[in-house]
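*Asks:*
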Amino acid sequence: MSGVGKGTTCSAISAILKAKGFRVTAIKIDPYVNVDAGTMNPTEHGEVFVLADGMECDQDMGNYERFLDQELPSANYMTTGSVYKKVIEKERAMKYRGKCVEVVPHIPLEVIRRIEYATKNSNSEICVIEIGGTVGEYQNILFLEAARMMRIKYPGNVLIGMVSFLPIPKKVGEMKTKPTQSAVRTLNSAGIQPDFIVARSERRLDQKRKEKIATFCNIREHDVISAPDVDSVYHLPVNFEKDGLSQIILDKLKLKAKKDRLKPWEKLSNKIKRLKKTIKIAIVGKYFNTGEFILSDSYISVIQSIKHSAYANDVEPVLDWVDSFDFEQNPKSVAKLDQYQGVVVPGGFGERGTEGIVKAIQYARQKQIPYLGLCYGLQWAVVEFARHQAGIKRANTSEVKPHGPDSVIDILPDQARKLKHHDYGGSMRLGIYQAFLKPGSRARAIYKKTSVWERHRHRYEVNPEYISKLQKAGLVFSGYSQDKKLMEIIELPKEKHPFFLAVQFHPEFQSSPHQPHPLFMEFIKTGKALKYKK
Ligand code: GLN
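For the sequence shown, numbering that gives the first Met the number 0 gives the first residue as 0, with consecutive numbering after it.
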């Protein structure tokens with residue numbers, strides 16, 4: 000079922016196989032008809048993760064990149080929609096040479112072709128593939144069919160793992176294996192027998208449960224991996240290795256480990272367990288009709304990036320979701336930001352809560368609270384600065400006020416054309432672009448580079464007409480495109496503020512536990528050095 004941890008399981012499996020010295024890549028298959036994740040609402044589907052090449056995809060791709068510490072291309076993500084689209088395009092181009100094109104086998108064959116391409120193209124030895132959805136549901140049958148066919152095509156080289164949930168009903172107090180038994184039967188009816196089962200539950204599996212699963216699911220006890228709930232997903236590689244998962248997989252694939260490099264994961268896991276000091280960070284945005292659980296899914300890369308940097312700075316982050324709409328209703332309540340050692344305004348769209356965001360940014364700026372703005376968080380920081388420091392009282396973004404008098408943030412010209420034609424899918428400014436860093440700026444000192452490549456997902460930009468006015472008022476544009484037309488980073492000088500920096504891109508898409516992002520590192524470091532005000 001969704002949320003059981005298939006994505007993190009695949010990520011951790013990828014990580015432990017990489018630690019054994021193999022070149023590993025990972026693929027996510029989403030059963031949706033959407034061609035990519037870009038048009039899906041993040042509060043329903045979770046974060047839209049952006050790959051370096053601009054593909055908007057499922058958040059699990061982010062997990063894979065963070066666990067593998069490597070960039071993945073768009074070839075590694077597919078949906079039902081994208082597979083069908085390709086097959087139809089090929090049919091229109093006579094690529095099937097007059098044959099009748101059928102759901103089976105042509106759709107599974109296209110899935111297999113993509114898996115082969117993604118593996119070869121990245122020169123990988125092992126490819127970990129996550130099939131989204133639940134066994135038995137209508138949507139992923141064609142992908143299971145592809146898995147079955149691949150097993151025949153590559154005998155001995157394809158393994159199937161099933162991630163299953165073992166509930167512990169409160170009244171009974173005992174872990175139940177029946178749903179897992181039933182799921183395996185369903186998988187069997189698709190012609191697939193799992194080679195190993197990752198048993199997700201609140202607690203570790205006891206011997207009796209392992210035996211039961213083994214007997215009823217046609218599998219060796221040894222191949223049942225216990226995957227109890229964990230406080231941090233970064234314990235998973237070490238936990239899986241407690242049950243010898245990488246060895247199980249390598250034995251079945253008849254491969255020999257080339258290396259044994261689990262140390263960094265062991266170190267990280269031990270460190271996380273030992274953290275004593277905390278750092279309190281407020282993530283300010285428009286949150287309504289969204290539970291805490293959903294929010295942590297919608298902003299997973301932001302949360303993970305904060306965690307990576309906090310761990311590297313030996314602090315445990317305590318994150319609070321602060322609804323900016325409250326600051327509009329009750330402006331005085333913005334003072335509650337005093338208790339935080341850092342304020343983040345993450346990416347976003349639309350009007351709701353944005354005036355509250357302006358209040359929060361103004362407060363962080365005036366009260367010297369470290370501020371990190373991400374995409375929308377840059378745009379509103381520019382609006383705030385324009386209104387309160389540069390005398391542009393009616394400054395706004397044209398996303399919220401389309402024909403306002405002072406659109407300090409305005410739509411990119413080619414974007415306006417796309418919106419006019421309802422060309423919404425995959426049409427934002429997406430993927431990596433180079434930003435040049437201003438000599439003498441904080442950004443340059445933090446990155447220790449003269450230019451950086453960062454990932455983007457936006458339609459609006461700082462309006463060049465206002466740049467010199469904002470600069471005169473003291474705002475530093477410290478990152479920009481080569482032609483200096485697009486502003487990528489803003490900041491306040493160190494003498495004016497301990498850390499006030501915002502970016503038009505999404506650094507959170509390029510942070511990993513073993514390589515935290517430099518901007519998040521500096522943000523957390525500055526916050527950590529501050530005393531609690533409360
Ligand atoms: N809504 C803004 C834009 O389209 C910001 C997007 C974002 O935060 N990812 O430019």
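C-beta atoms are modelled at their ideal positions from N, C-alpha and C, and glycine is treated no differently.
Per DSSP, which one or two residues make a beta bridge with Gln-433?
*Replies:* Here residue 433 refers to the residue found at position 434 of the sequence shown. According to DSSP, Gln-433 bridges with Trp-452.
*Asks:* My output table needs one value for Phe-348: the three-state DSSP class, helix, strand or coil.
*Replies:* Position 349 of the sequence shown, counted from the first residue, corresponds to residue 348. Coil at Phe-348, not helix or strand.
*Asks:* With 16 as the cutoff for other CB atoms within 10 Å, does Pro-438 come out buried or exposed?
*Replies:* As a working note, residue 438 is residue 439 in the sequence shown. So Pro-438 ends up on the exposed side.
*Asks:* Would you tell me roughly how many angstroms separate the C-alpha atoms of Leu-267 and Val-314, rounded to the nearest one?
*Replies:* Here residue 267 refers to the residue found at position 268 of the sequence shown. Here residue 314 refers to the residue found at position 315 of the sequence shown. If I take the Cα positions, the gap works out to 13 Å.
*Asks:* Measure how close the beta-carbons of Ala-182 and Val-223 come, nearest whole angstrom, since I'm counting them as under 8 Å.
*Replies:* If you number the sequence shown from 1, residue 182 lands on position 183. If you number the sequence shown from 1, residue 223 lands on position 224. With a Cβ gap of about 13 Å, Ala-182 and Val-223 do not count as contacting.
*Asks:* Could you check if Met-486 belongs to the surroundings of the ligand GLN, using beta carbon to heavy atom distance under 8 Å?
*Replies:* Translated into the one-based positions of the sequence shown, residue 486 becomes position 487. Checking the Cβ of Met-486 against the ligand GLN gives no.
*Asks:* To the nearest angstrom, how far is it from the Cα of Ile-523 to the Cα of Phe-476?
*Replies:* Sequence index remark: in the sequence shown, residue 523 carries index 524 (1-based). Sequence index remark: in the sequence shown, residue 476 carries index 477 (1-based). Each residue's Cα considered, the two are about 22 Å apart.
*Asks:* Rounded to a whole number of angstroms, what is the C-alpha to C-alpha distance between Arg-260 and Asn-329?
*Replies:* Reading the sequence shown from its first residue, position 261 is the one you call residue 260. Reading the sequence shown from its first residue, position 330 is the one you call residue 329. If I take the Cα positions, the gap works out to 53 Å.
*Asks:* Does Gln-433 pass the burial test, meaning 16 or more other C-beta atoms within 10 Å, or should it be called exposed?
*Replies:* Indexing the sequence shown from 1 puts residue 433 at position 434. So Gln-433 counts as exposed.
*Asks:* Give, in chain order, every unbroken run of the alpha helix (DSSP H) that is at least 4 residues long and sits entirely within the segment 254–306.
*Replies:* The qualifying runs are 262–273 and 291–297.
*Asks:* Report all residues from its chain with a CB closer than 7 Å to the CB of Lys-392; omit the five preceding and five following residues, and keep chain order.
*Replies:* Sequence index remark: in the sequence shown, residue 392 carries index 393 (1-based). Only Arg-386 meet the Cβ criterion.
*Asks:* Exposed or buried, which one is Pro-412 when buried takes at least 16 other CB atoms within 10 Å?
*Replies:* If you number the sequence shown from 1, residue 412 lands on position 413. So Pro-412 counts as exposed.
*Asks:* Helix, strand or coil for Met-0? Go by DSSP, reduced to three states.
*Replies:* One-based indexing of the sequence shown puts residue 0 at position 1. Of the three classes helix, strand and coil, the one that applies to Met-0 here is coil, per DSSP.
*Asks:* Residues in its own chain within less than 7 Å of Pro-492 by CB, not counting five upstream and five downstream?
*Replies:* One-based indexing of the sequence shown puts residue 492 at position 493. Here the set comprises Val-475.
*Asks:* Return yes when at least one heavy atom of the ligand GLN lies under 8 Å from the C-beta of Glu-398, else no.
*Replies:* Along the sequence shown, read from residue 1 onward, the residue named residue 398 stands at position 399. Within the cutoff, so yes.
*Asks:* Quick one: measure Cβ to Cβ for Lys-527 and Gln-340, integer angstroms, because I've assumed they're closer than 8 Å.
*Replies:* Position 528 of the sequence shown, counted from the start, is the residue given in the question as residue 527. Position 341 of the sequence shown, counted from the start, is the residue given in the question as residue 340. So it is a contact: roughly 7 Å between Cβ atoms.
*Asks:* With DSSP as the reference, label Leu-411 as helix, strand or coil.
*Replies:* In the sequence shown, the residue the question calls residue 411 occupies position 412. Note: Leu-411 maps to coil in three-state DSSP.
*Asks:* What does DSSP give as the partner residue(s) for Phe-48 in the beta ladder?
*Replies:* Along the sequence shown, one-based indexing puts residue 48 at 49. For Phe-48, which the question treats as bridged, DSSP gives the partners Cys-56.
*Asks:* Can you round the beta-carbon distance between Arg-22 and Glu-124 to whole angstroms, since I take them to be within the 8 Å contact cut?
*Replies:* Within the sequence shown, residue 22 is the residue found at index 23, counting from 1. Within the sequence shown, residue 124 is the residue found at index 125, counting from 1. Yes, they are in contact, since the Cβ atoms of Arg-22 and Glu-124 sit about 5 Å apart, within 8 Å.
*Asks:* On the three-state DSSP scale, how would you describe Ala-189?
*Replies:* Counting from one through the sequence shown, the residue named residue 189 turns up at place 190. Correct three-state label for Ala-189: coil.
*Asks:* In the segment 376–429, which residue ranges form an unbroken alpha helix (DSSP H) of at least 4 residues, counting only runs that do not cross its ends?
*Replies:* Here the runs fully enclosed are 412–419.
*Asks:* Identify the continuous alpha helix (DSSP H) that holds Asp-250 and give its terminal residues.
*Replies:* For the purposes of this step, residue 250 is identified with residue 251 of the sequence shown, where counting begins at 1. Element bounds for Asp-250: 244–251.
*Asks:* Would you say Glu-55 touches the ligand GLN, meaning its beta carbon is less than 8 Å from a heavy atom?
*Replies:* The sequence position of residue 55 within the sequence shown is 56, counting from 1. The answer is no for Glu-55.
*Asks:* Check each candidate in Ile-271, Asp-337 and Asp-319 and name the one with the smallest Cα separation from His-307.
*Replies:* To locate residue 307, count along the sequence shown from 1; it is residue 308. The candidate whose alpha carbon is nearest that of His-307 is Ile-271.
*Asks:* Quick check on the DSSP output: the alpha helix (DSSP H) that includes Phe-239 runs from which residue to which?
*Replies:* By 1-based counting over the sequence shown, the position of residue 239 is 240. Where Phe-239 is concerned, the enclosing alpha helix (DSSP H) stretches over 235–241.
*Asks:* Mind checking Tyr-510: buried by the 16 CB within 10 Å criterion, or exposed?
*Replies:* Against the sequence shown, residue 510 aligns to sequence position 511. Tyr is not the amino acid found at residue 510; the sequence shown has Ser there. With 16 or more Cβ atoms within 10 Å of its Cβ, Ser-510 is classed as buried.
*Asks:* Can you tell me where the beta strand (DSSP E) holding Phe-499 begins and where it ends?
*Replies:* Translated into positions along the sequence shown, residue 499 becomes position 500. Unbroken beta strand (DSSP E) run through Phe-499: 499–502.
*Asks:* Could you give the first and the last residue of the continuous alpha helix (DSSP H) run that contains Arg-219?
*Replies:* The residue labelled residue 219 in the question sits at position 220 within the sequence shown. Here Arg-219 belongs to no alpha helix (DSSP H), and DSSP marks it neither H nor E.
*Asks:* Could you check the C-alpha separation between Gly-347 and Thr-214 for me, to the nearest Å?
*Replies:* As a first step, residue 347 is located in the sequence shown; it is residue number 348 there, counting from the start. As a first step, residue 214 is located in the sequence shown; it is residue number 215 there, counting from the start. Looking at the two C-alpha atoms, the distance is approximately 50 Å.
*Asks:* For the segment 306–332, list the alpha helix (DSSP H) runs that are entirely contained and at least 4 residues long, ordered along the chain.
*Replies:* Whole alpha helix (DSSP H) segments, 4+ residues: 323–328.
*Asks:* Quick test of the definition: if touching needs 3 or more C-beta pairs under 8 Å, does the segment 25–32 touch the segment 62–78?
*Replies:* Enough Cβ pairs lie closer than 8 Å, so yes.
*Asks:* For the putative contact between Lys-358 and Val-333, defined by C-beta atoms under 8 Å, what is the C-beta separation to the nearest angstrom?
*Replies:* Along the sequence shown, one-based indexing puts residue 358 at 359. Along the sequence shown, one-based indexing puts residue 333 at 334. Right, the Cβ-Cβ distance comes to about 5 Å (below 8 Å), so this counts as a contact.
*Asks:* For Glu-460, verify whether its CB is less than 8 Å away from any heavy atom of the ligand GLN.
*Replies:* For this step, residue 460 is matched to residue 461 along the sequence shown. For the ligand GLN, at least one heavy atom lies less than 8 Å from the Cβ of Glu-460.
*Asks:* Just confirm the distance between the C-beta atoms of Ser-10 and Asn-62, as a whole number of angstroms; I'd bet it's less than 8 Å.
*Replies:* In the sequence shown, counting from the first residue as 1, residue 10 sits at position 11. In the sequence shown, counting from the first residue as 1, residue 62 sits at position 63. Ser-10 to Asn-62, Cβ: 4 Å. Contact.
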